[in-house]
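Line order of the protein sequences matches chains E and P.
Just so we're aligned: the first sequence equals residues 1 to 650 in the working numbering.
Just so we're aligned: the second sequence equals residues 1001 to 1194 in the working numbering.
Glycine is no exception: its CB is placed at the ideal position from the N, C-alpha and C atoms.
Predicted model, so just to flag it, every value in this text is computed and none were measured.
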Amino acid sequence: MLVLVLGSALLTSCKPKDSSDAAIGDAEKAYVAPGKYDEFYNFVSGGFSGQLSVYGLPSGRLFRVIPVFSVDPEKGWGYSEETKPMLNTSHGFVPWDDLHHTEMSQTNGEVDGRWVFGNANNTPRIARIDLKTFKTAEIIELPNSGGNHSSPFITENTEYVVAGTRFSVPADYSDGDVPINTYKQNFKGHISFVKVGKEGEMDLAFQIVTPGVNFDLSHAGKGKSHGWFFFSCYNTEQANTLLEVNASQKDKDFIMAVNWKKAEEYIKAGKGKKQAVKYVHNKWNEKTHSATSETKTEVLVLDAAALKDICYMIPCPKSPHGCDVDPSGEYIVGSGKLAALIPVFSFGKLMGAIKDKKFDGDYGGINVVKYEAALHGEVQKPGLGPLHTEFDGKGNAYTTFFVSSEVVKWDIKSLKVLDRVPTYYSVGHLCIPGGDSKKPFGKYLVAYNKITKDRYLPTGPELAQSAQIFDISGDKMKLILDFPTIGEPHYAQAAPADLIRNNGQLKFYKIGDNNHPFAAKGEKESKVTRQGNQVHVYMTSIRSHFGPDNIEGIKMGDEVYFHVTNLEQDWDVPHGFGIKGANTAELLIMPGETATLKWTPDRVGILPFYCTDFCSALHQEMQGYIRVSPAGSNVPLSFSLGTNLPAATK
Amino acid sequence: MKKTKISIVSKAILLVVAALFVGALFVPMWQIQLEAPQYPEGLVLRLHANKIGGDVDIINGLNHYIGMATLHTENFFEFAVLPYIFGGFALISILLIVIAKRKAILGFLIFYIFFVVLAAIDFYRWNYEYGHNLDPNAAIKVPGMAYQPPLIGYKQLLNFGAYSIPDTGGWFLTACGLLLLFIVLKEYQLFTKK
């Protein structure tokens, strides 16, 4: 009897219903039929994977993972001789990094489909990925920095891509051998402005030195605020230990407004101080199919405390993270991780405050603008733990809340909350196609979640991160798809598919344009040469054989370089190359390309090699042998294709 | 014999015929379209008056599986002479305007039809040659299978569907024949009942 009473009490007093059934009924909106194309390309940062993944929206289908800052044995990235210089830094070869944010190039404030940039958060760098080849084309290192987090955000005509130091450190041009607890005296922040040329080539134009703080995120002004850049910063307490507590003391930290046009004037006027530093600039050459790494030794630095009208501090509650500018360029949204409201600043009011000198003292020599003087208003009780905001181009803003695990839609002008939806769970960044540009395509919103717990089948202690797509075309946000991602996605960008599909996508490299010094542009050019203990194999691959495929006369102690040229001149015919015992990786060679694998034989015998990419009906026949003889052996160097037959028996 | 002199309309048409012959030099005459599951976008071989065009390198690459000889413009004497023949036809058409005799035009029409038949036989012969003369060491050997493309129309060759049809120049040449026929019929007054 008691059991019955208890049981019915448990049944009737149920907990609030969970919302795992939220997507039912809208799932067909994410359906893209087999053979049909998605509406948008989605470029998603891979976080601690160091790579960039390319998805389709709204289907969530994964098309490609582009290796950027981490080695990728699948593609030979960082293993082939040609790609190794791309991962070179002033610390030498660095095989891993943490790619946090992506930003697509823009023209007139609109996404233009030429390049996408990515930042390395650990060893500070910026990469440029070419969207005709979907390949990392350039990487530039940033001196005087620790943790490049507030990057790679760009100005509205891609004049600059910026970087900021998350961990302020003593400048590279000063003595760094100082006690850690001298942060306030010796640690400095450096903001980098990297000029982007017409062909995309990057050049570190100048840096601005600031008091030591943690720079977190940034966004460029646009339209009326073009010429300004906004960086959020925390740890204005300047703590060097237990930041969790010690950097959370002040009610307000800052958004730093940077007048970069003014900074340009000062650079022109010679106010930049040349400082001796060391950083590298790595470039990929599509003609030689090789990368070069150049070490640079100088940077121009402007002092924000000395040149008073470059930087201004806007107080922002509390430990601001996201720093987002609306499509008009008038409103700047600061998201204080620990704040219970969202402040929205007005660019017009900020300009007025600067003009009328409505300052509230200074911070390390930088004028602090009065909070109210720059404030448009505050969104009251939006949620807990605001992080990032994107825009739909219809006057609405969408902010993610990590702690309360939700996306909240609000009106930019009236600051009224319009709608809220839960995410599963603890959303970080979000992405609306074009959502941080002048021209958002406000049809879908993707939330990138840090925790997935019970959302998918369990996979042991380590679980996937996830993306969730919402349809935002109506008044209410509707969850339409939920899918796991690679690595840990932070920021992502998306653009209409046609913009990239029709940008002159490369289908293969013309063999006639191949200027690789070890290319064999036809089977007749294939050969094996020896220079001391270095053996160079000029190898060709075409369906379905390597030329040569029988090589003898290799000796222990030799270093063998396989320079493999893919002779195919058609789309979607890559060849691979793998050889037994190689302690590097495979090569994956696109049509018309040459790639090199260094191989050091470790034993005497016959070692096979083969094509690793199923290239044709006779792919399994695409193989060869290399004979390794003892050091000092007199087996002559020889190579052949199709002629090394057994002697005829009588 | 005023009657045998051709009309001004026929002369104008002859001018068009001459222009079409010249035009046929600059556009492909014939095309063989190929479709396979691996080539949803299709491949095409285009036969110009003076060369083989289209995806010839890709098709040569594929044909090695079945042991078909590779296609090279310089292996066909036709591509050396056809431009002169079409140029000659254009000159003859102009000459016919000057001669202006219907008998001469009839003669040219008969000669042209004869040429077309000969060309078709030649084309068939090459198709046969390439379709049957296969390398005995080829990787793919299907007993009894030949890879001769159709003279005109559609045929399935293993995973490839081959569709052989005239290209722009071919239609120009067809138009030349029809226009010549029209002049002949008109000048011999076969349109009007006697």
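> Taking just the CA atoms, how far does residue 106 of chain E sit from residue 578 of chain E?
Replying inline: Here the alpha carbons of residue 106 of chain E and residue 578 of chain E stand approximately 40 Å from one another.
>> For the region 588 to 618 of chain E, list every residue whose C-beta sits within 7 Å of some C-beta in chain A, in sequence order.
In response: The structure shown contains no chain A; its protein chains are E and P.
> Tell me which same chain residues have a C-beta within less than 7 Å of the C-beta of residue 305 of chain E, skipping the five on either side of it?
Replying inline: Listed in chain order, the non-local C-beta contacts of residue 305 of chain E below 7 Å within the same chain comprise 364, 365 and 366, local neighbours out to five positions each way being set aside.
>> Our contact map puts residue 88 of chain E next to residue 280 of chain E with C-beta atoms below 8 Å; I'd like the distance itself, whole angstroms only.
In response: Contact between residue 88 of chain E and residue 280 of chain E is confirmed by a C-beta separation of about 6 Å, below the 8 Å threshold.
>> Quick check on residue 555 of chain E: buried or exposed, where buried means 16 or more other Cβ atoms within 10 Å of its Cβ?
In response: buried
> So what does residue 406 of chain E bridge to, in DSSP terms?
Replying inline: E/401 and E/422
> Can you tell which of E/584, E/145 and E/591 has the C-alpha that lies nearest to the C-alpha of residue 600 of chain E?
Replying inline: E/584
>> Which of the three DSSP states is assigned to residue 1083 of chain P in this structure?
In response: Residue state, collapsed to three classes: helix.
> CA-CA distance, residue 1168 of chain P and residue 1049 of chain P?
Replying inline: For residue 1168 of chain P and residue 1049 of chain P, the distance between alpha carbons rounds to 12 Å.
> Exposed or buried, residue 64 of chain E, counting other C-beta atoms within 10 Å across all chains shown (16 or more means buried)?
Replying inline: exposed
> Buried or exposed: where does residue 1 of chain E fall if 16 or more other Cβ atoms within 10 Å of its Cβ makes it buried?
Replying inline: Low confidence applies here, because residue 1 of chain E scores a pLDDT of 49, under 50, leaving its location unreliable; read the following figure in that light. With fewer than 16 Cβ atoms within 10 Å of its Cβ, residue 1 of chain E is classed as exposed.
>> Just to confirm my understanding: we take residue 500 of chain E, look at its own chain, exclude 5 residues before and 5 after, and list those with CB closer than 6 Å. What are they?
In response: Answer for residue 500 of chain E: 41, 113 and 131, listed in chain order.
>> Please report the straight-line C-alpha distance between residue 433 of chain E and residue 587 of chain E, rounded to a whole angstrom.
In response: 34 Å
> Between which two residues does the alpha helix (DSSP H) harbouring residue 185 of chain E extend?
Replying inline: 183 to 186
>> Beta-carbon within less than 6 Å of residue 1035 of chain P's beta-carbon, same chain only, minus the 5 sequence neighbours each way: which residues are those?
In response: 1042 and 1161
> Can you name the start and end residues of the beta strand (DSSP E) that residue 469 of chain E belongs to?
Replying inline: Going by DSSP, residue 469 of chain E is part of the beta strand (DSSP E) stretching over 465 to 471.
> For the candidate residues E/285, E/398 and E/294, whose alpha-carbon lies nearest to that of residue 652 of chain E?
Replying inline: Examination of residue 652 of chain E is not possible in this model, given that chain E is present from 1 through 650 alone.
> Quick one: is residue 549 of chain E near chain P, going by C-beta distance under 8 Å?
Replying inline: no
> From residue 414 of chain E to residue 288 of chain E, what distance separates their C-alpha atoms?
Replying inline: Distance between the alpha carbons of residue 414 of chain E and residue 288 of chain E is about 56 Å.
> Near residue 435 of chain E, which residues of its chain fall below 6 Å by C-beta distance, leaving aside the five closest residues on each side in sequence?
Replying inline: 390 and 391
>> Quick check: what's the CA-CA separation for residue 43 of chain E versus residue 153 of chain E?
In response: 14 Å
> Taking Cβ to Cβ, would you say residue 267 of chain E is nearer than 8 Å to residue 332 of chain E?
Replying inline: No, the Cβ-Cβ distance between residue 267 of chain E and residue 332 of chain E is not below 8 Å.
>> Considering just the uninterrupted stretch of the alpha helix (DSSP H) at residue 244 of chain E, what are its terminal residues?
In response: 243 to 246
>> Using only CA atoms, which one of P/1014, P/1171, P/1032 and P/1045 lies nearest to residue 1163 of chain P?
In response: P/1032
> Relative to chain E, which residues along the region 1127 to 1141 of chain P have a C-beta separation below 7 Å, given in chain order?
Replying inline: 1139
>> I'd like to know if residue 501 of chain E contacts chain P, where contact means its C-beta is closer than 8 Å to some C-beta of that chain.
In response: no
> Which residues in the same chain as residue 1001 of chain P place their Cβ atom closer than 8 Å to its Cβ, once the five residues preceding and following it in sequence are excluded?
Replying inline: With a pLDDT of 43 at residue 1001 of chain P, under the threshold of 50, the modelled position of this residue cannot be trusted; read the value that follows with caution. The answer is none, since no qualifying residue turns up.
> Straight-line CA distance for residue 57 of chain E to residue 483 of chain E?
Replying inline: So the alpha carbons of these two residues sit roughly 11 Å apart.
>> Here's the rule I'm using: 16 or more other beta-carbon atoms within 10 Å means buried, otherwise exposed. How should residue 515 of chain E be labelled?
In response: exposed
>> Quick check on this structure: which residue in E/574, E/568, E/79 and E/31 has the alpha carbon closest to the alpha carbon of residue 523 of chain E?
In response: E/568
>> Can you check which of these residues, E/444, E/591 and E/150, is closest to residue 30 of chain E by C-alpha distance?
In response: E/444
> Taking the C-alpha atoms as reference points, what is the distance between residue 236 of chain E and residue 49 of chain E?
Replying inline: Roughly 30 Å separates the two Cα atoms.
> Candidates P/1019, P/1037 and P/1012: which alpha carbon is nearest residue 1157 of chain P's?
Replying inline: A check of alpha carbon separations from residue 1157 of chain P across P/1019, P/1037 and P/1012 identifies P/1037 as the nearest.
> Beta-carbon separation of residue 127 of chain E and residue 138 of chain E under 8 Å?
Replying inline: yes
>> Rounded to the nearest angstrom, what separates residue 1132 of chain P and residue 1124 of chain P at their Cα positions?
In response: Cα to Cα, the separation comes out at about 12 Å.
> Sorted by chain position, which residues of the same chain lie with C-beta nearer than 7 Å to residue 423 of chain E's C-beta, five sequence neighbours on each side aside?
Replying inline: Excluding residues up to 5 positions away in sequence, 405, 406, 407, 447, 449 and 468 lie with their Cβ nearer than 7 Å to the Cβ of residue 423 of chain E in the same chain.
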